[in-house]
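Here's the structure, in structure tokens; my notes come after.
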Amino acid sequence: MSNGKIIDGKAFAEDLRGRVAVLAAQFEAHAGRKAGLAVVLVGEDPASQVYVRSKGKQTVACGMASFEHKLPEDTGEGALLDLVEKLNADPAVDGILVQLPLPPHIDEQKVIAAINPDKDVDGFHVISAGRLAVGQPGFVPCTPLGCLMLLKDRLGSLSGLDAVVIGRSNIVGKPMAQLLLAESCTVTVAHSRTRDLPAVVRRADIVVAAVGRAEMVKADWLKPGATVIDVGINRVPDTRPGAEPGKTRLVGDVDYAGAIQVAGAITPVPGGVGPMTIAVLLRNTLVAAHRNAGIALADDAI
Ligand code: NDP
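Those letters in the sequence shown? Residues 884 to 1185, by this note's numbering.
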């Protein structure tokens, strides 16, 4: 999905959802049931509610079944684990997603560990992380897999390229680094203790910024022609001329206006990586459905 230097994640995600929908219909015809995604939300966090609603809507729009479980904030860990067990055992459920963050009285790692790895469409289970690390088929976290899809669409083979991932979270940075390594990139993972980050970034043909610091990566950190994937989502006061006082806007971790002058290609925020996350979740659910039903799906089918 190319529009000059701008990598259009919104258009790519729409196309991916279209391909998922075609394969989901074929799956239903073959398996005699829809592929199913269960999403569990505990509490009333407004951002989480928006994500869960959007996931449910897009799941249904792709021709898959959506099972939403909304539990009150004071749900105990035991009750949540019981629900996960029920979903593990339910043959109509191919993928299970527990929306994070969970309330502080619930141990997130314990809940993730309870999900059957064959239904772990978020890719957060340690078995999923291990499978990714050793190159076995499994589920890869949606955001980094979406970033990889955008990179391959833009660059084709990534073999031999220098890649710098800024950020080492389990959700984005680490799996991103594993994916790039598997594509035969030379990978550097930078983080808050990295010395002379601009110099490290300047070596890179591919820069993935997953930091959570508004517009931290500057144009003069980039090698001319580098491909820049901006995962960051940061809400900042809108100080642009003409903006209403008190208004905010979303920016990434990269100074987009400057970086687009130097980069070969770059994802905007919004409209870059963001839309890819749910589209990849639907893709992972479709893959899970095929595996769970014992129906073959070619590696390059989606
Ligand atoms: P985390 O806060 O878990 O990780 C941030 C990482 O950035 C850490 O590894 C941290 O290093 C590193 N870091 C912090 N400050 C610096 C610095 N000054 N220089 C270099 N590295 C630094 O965040 P996530 O990985 O969960 O998310 C990153 C960003 O991506 C956020 O803006 C988030 O909103 C966004 N996001 C977007 C998604 C999407 O769908 N588009 C999905 C998920 C996240 P250290 O480990 O040393 O502390």
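Even glycine gets a Cβ: it sits at the ideal position worked out from N, Cα and C.
Contact test: residue i Cβ vs the ligand NDP heavy atom, cutoff 7 Å
i: residue 1071; result: no
i: residue 1119; result: no
i: residue 1059; result: no
Chain-order list of residues whose beta-carbon lies under 6 Å from that of residue i (same chain, five-residue window excluded)
i: residue 1006; result: 1022, 1023 and 1024
i: residue 985; result: 925 and 991
i: residue 910; result: 918 and 1172
i: residue 1159; result: 892, 896 and 1029
i: residue 979; result: 921, 970, 998 and 1002
i: residue 958; result: 925
i: residue 953; result: 924
i: residue 1026; result: 1055 and 1160
Exposed unless 16 or more other CB atoms sit within 10 angstroms - verdict on residue i
i: residue 917; result: buried
i: residue 930; result: exposed
i: residue 1092; result: buried
i: residue 982; result: buried
i: residue 1131; result: exposed
i: residue 972; result: exposed
i: residue 1140; result: exposed
i: residue 1191; result: Since the first and last residues shown for the chain are 884 and 1185, residue 1191 lies out of range.
i: residue 1058; result: buried
i: residue 1037; result: buried
i: residue 1067; result: exposed
i: residue 933; result: exposed
i: residue 1011; result: buried
i: residue 1112; result: buried
i: residue 1035; result: exposed
i: residue 1110; result: buried
i: residue 1181; result: exposed
i: residue 1129; result: exposed
i: residue 1087; result: buried
Whole-Å CB distance - residue i paired with residue j, under 8 Å assumed
i: residue 946; j: residue 908; result: 5 Å
i: residue 1047; j: residue 920; result: Not a contact, Cβ separation roughly 33 Å.
i: residue 1064; j: residue 1070; result: 5 Å
i: residue 1008; j: residue 1000; result: 5 Å
i: residue 1169; j: residue 966; result: About 23 Å; that fails the 8 Å criterion.
i: residue 914; j: residue 1178; result: 6 Å
Cβ shell of residue i (< 8 Å), same chain only, five flanking positions each side left out
i: residue 888; result: 1143, 1146, 1147, 1148 and 1149
i: residue 1154; result: 891, 892 and 893
i: residue 900; result: 941, 944, 945, 1162 and 1165
i: residue 996; result: 1008 and 1009
i: residue 993; result: 960 and 964
i: residue 956; result: 925, 926, 927 and 986
i: residue 1045; result: 1068, 1069, 1071, 1086, 1087, 1088 and 1089
Same chain only: Cβ atoms within 7 Å of residue i, ignoring 5 sequence neighbours per side
i: residue 1094; result: 1049, 1050, 1115 and 1136
i: residue 1104; result: 1081, 1084 and 1085
i: residue 1134; result: 1097, 1098, 1117, 1119 and 1152
i: residue 1042; result: 1066 and 1067
i: residue 975; result: 916, 919 and 948
i: residue 1061; result: 1015 and 1016
i: residue 904; result: 945 and 946
8 Å Cβ cutoff, residue i in contact with chain B
i: residue 902; result: In the structure shown, chain B cannot be found, because there is only a single protein chain.
Quiz item: What is the chain-ordered set of residues for which the beta carbon lies under 6 Å from any non-hydrogen atom of the ligand NDP?
Solution: 1026, 1049, 1050, 1051, 1052, 1054, 1055, 1056, 1073, 1074, 1075, 1076, 1077, 1080, 1093, 1094, 1095, 1096, 1114, 1115, 1116, 1117, 1156, 1157 and 1160
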